[in-house]
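S.K.: Numbering (this note's numbering), first residue to last: 15 to 308. Idealized CB from N, CA, C, for every residue including glycine. Before we start, here is the structure in question, set down as structure tokens.
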Ligand code: HSE
């Protein structure tokens, strides 16, 4: 019987115009300490009195094993997390990736990274959070006909500040405000903005990348009224030198992209106007999922 640890990072999806197709891993983590034993036991901060059979990580693991005709060996699973729930920082994507890896370990599935990514994307519906949670870095991806194409950027010469409000926002509510369709002219404009954002990030032109992020037309204009202090945050961060500040995933967290060595100044200014926010300097996680045996 073995003991091991699974660790999965948080992620910030969309980055403006990369709706459902771009996201970066950040250094908050969901961790599972797993000790094989003869019965199942889940200790989880979010579980309350929920029996282990209804635990999301457990059900994800069980379904993943079943697709391979395997059963899971029972274990004591102790979950800890620093990823806030329903804040737009990929807590559910991290749980999905952790569940798939739990199945991989306890069912001896021998999954490749591509298989894990395919399963996780199928469950989440889009790869923008699950891909960086699994692979680390900034991942640009697309999902069509059950095929995922992706590219990883693992160096960013800028700093990240997460502005996390005390309130939650469910992804479904934030998706319900989006239009069903865009005209060809808007689709061309929106993807043009996305294309320039990605090109600017890859070339290290962060000034241009930040400007483009804030021009998104796919989701930010529809969601801004759901995000507390949206205009105040963009204005204050801009005044103090940020390149660009956008909704993290479906919100309500916002993520600011700021020049190197600038984040403490921006955070000091933000503390004045947003005293109730959790303001955190974050680093990109370039590794993604890790498993360590003990
Ligand atoms: N791209 C997704 C959204 C991320 O913005 O709705 C949250 O699942």
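1) Below 8 Å on the Cβ atoms is my contact criterion, and I expect residue 166 with residue 151 to pass it. Report the Cβ-Cβ distance as a whole number of Å.
2) Flag residue 34 as yes when its Cβ comes closer than 6 Å to any non-hydrogen atom of ligand 1, and as no otherwise.
3) Could you check what DSSP says for residue 64 in three-state terms: helix, strand or coil?
4) Take residue 245 and list the residues in its own chain whose beta-carbon comes closer than 8 Å to its own, dropping the five residues that flank it on each side.
5) CB of residue 204 to nearest heavy atom of ligand 1: below 6 Å?
6) Would you give the residue range spanned by the alpha helix (DSSP H) that residue 28 belongs to?
7) Exposed or buried, what is residue 143 when buried is set at 16 or more other beta-carbons lying within 10 Å of its beta-carbon?
8) Taking Cβ positions, are residue 359 and residue 185 nearer each other than 7 Å?
9) Starting from residue 163, trace the beta strand (DSSP E) in both directions and tell me its first and last residue.
10) Name the one or two DSSP bridge partners that residue 271 has.
11) Need the endpoints of the alpha helix (DSSP H) that residue 105 sits in, please.
12) Are the segment 255-263 and the segment 207-226 in contact at 8 Å, needing three or more beta carbon pairs?
13) Contact defined as beta carbons within less than 8 Å: I believe residue 27 pairs with residue 263. What is the distance between those atoms, to the nearest angstrom?
14) With hydrogens ignored, establish whether the beta-carbon of residue 100 is closer than 6 Å to any heavy atom of ligand 1.
15) I'd like to know whether the C-beta of residue 27 is nearer than 7 Å to at least one C-beta of chain B.
16) Distance, Cα to Cα, residue 178 vs residue 268?
17) If you draw a straight line from the alpha carbon of residue 72 to that of residue 113, how long is it in whole angstroms?
18) Is the beta carbon of residue 42 sitting closer than 7 Å to the one on residue 110?
19) Can you name the residues that DSSP bridges to residue 56?
20) By the DSSP assignment, the beta strand (DSSP E) with residue 225 in it spans what residues?
21) Can you look up residue 297 in the DSSP assignment and give me helix, strand or coil?
22) Closer than 6 Å to a non-hydrogen atom of ligand 1 - does that hold for the CB of residue 199?
23) Would the segment 293-307 and the segment 134-148 be scored as touching if the rule is three or more Cβ pairs under 8 Å?
24) Does the segment 75-89 come close enough to the segment 116-123 to have 3 or more Cβ pairs within less than 8 Å?
25) Check whether the Cβ of residue 52 sits closer than 6 Å to any heavy atom of ligand 1, and report yes or no.
M.R.: The structure says:
1) In the chain shown, residue 166 corresponds to position 152, counting from 1. In the chain shown, residue 151 corresponds to position 137, counting from 1. Correct: roughly 4 Å between the Cβ atoms.
2) As a first step, residue 34 is located in the chain shown; it is residue number 20 there, counting from the start. Answer for residue 34: yes, Cβ within range of ligand 1.
3) Here residue 64 corresponds to residue number 50 of the chain shown, with the count starting at 1. Coil, per DSSP.
4) Translated into the one-based positions of the chain shown, residue 245 becomes position 231. These residues qualify, in order along the chain: 238.
5) For the purposes of this step, residue 204 is identified with residue 190 of the chain shown, where counting begins at 1. No, Cβ of residue 204 sits at least 6 Å from all heavy atoms of ligand 1.
6) For the purposes of this step, residue 28 is identified with residue 14 of the chain shown, where counting begins at 1. Looking at the DSSP string, residue 28 is not in any alpha helix (DSSP H); the run it does join, the beta strand (DSSP E), is 17-28.
7) For this step, residue 143 is matched to residue 129 along the chain shown. Looking at its Cβ environment, which holds 16 or more other Cβ atoms inside 10 Å, residue 143 is buried.
8) Nothing in the structure corresponds to residue 359, since the chain is present only between 15 and 308.
9) Locating residue 163 in the chain shown gives position 149, where the first residue counts as 1. First-last of the beta strand (DSSP E) with residue 163: 161-167.
10) Position 257 of the chain shown holds residue 271. In the DSSP output, where bridge partners are listed per residue, residue 271 has 174, 258.
11) By 1-based counting over the chain shown, the position of residue 105 is 91. For residue 105, the enclosing alpha helix (DSSP H) begins and ends at 105-120.
12) yes
13) Against the chain shown, residue 27 aligns to sequence position 13. Against the chain shown, residue 263 aligns to sequence position 249. The Cβ separation is near 4 Å, so the contact holds.
14) In the chain shown, residue 100 corresponds to position 86, counting from 1. It does not: the Cβ of residue 100 is nowhere closer than 6 Å to a heavy atom of ligand 1.
15) In the structure shown, chain B does not exist; there is a single protein chain.
16) As a first step, residue 178 must be located in the chain shown, where it is residue number 164. As a first step, residue 268 must be located in the chain shown, where it is residue number 254. C-alpha of residue 178 to C-alpha of residue 268: approximately 7 Å in a straight line.
17) Stepping through the chain shown from its first residue, residue 72 is reached at position 58. Stepping through the chain shown from its first residue, residue 113 is reached at position 99. Here the C-alpha atom of residue 72 lies approximately 6 Å from the C-alpha atom of residue 113.
18) Residue 42 sits at position 28 when you count from the first residue of the chain shown. Residue 110 sits at position 96 when you count from the first residue of the chain shown. Their beta carbons are not under 7 Å apart, which means residue 42 does not touch residue 110 by this criterion.
19) Numbered from 1 along the chain shown, position 42 holds the residue referred to as residue 56. In the DSSP output, where bridge partners are listed per residue, residue 56 has 91.
20) Within the chain shown, residue 225 is the residue found at index 211, counting from 1. That residue, residue 225, is in no beta strand (DSSP E); its alpha helix (DSSP H) goes 220-227.
21) On the chain shown, position 283 is the one that residue 297 refers to. It is coil, neither helix nor strand.
22) Numbered from its first residue, the chain shown carries residue 199 at position 185. Answer for residue 199: no, Cβ out of range of ligand 1.
23) Using a C-beta cut-off of 8 Å, the segment 293-307 makes contact with the segment 134-148, since at least three inter-stretch Cβ pairs fall below that distance.
24) yes
25) Within the chain shown, numbered from 1, the residue matching residue 52 stands at position 38. No; taking the cut-off as 6 Å, the Cβ of residue 52 has no heavy atom of ligand 1 nearer than that.
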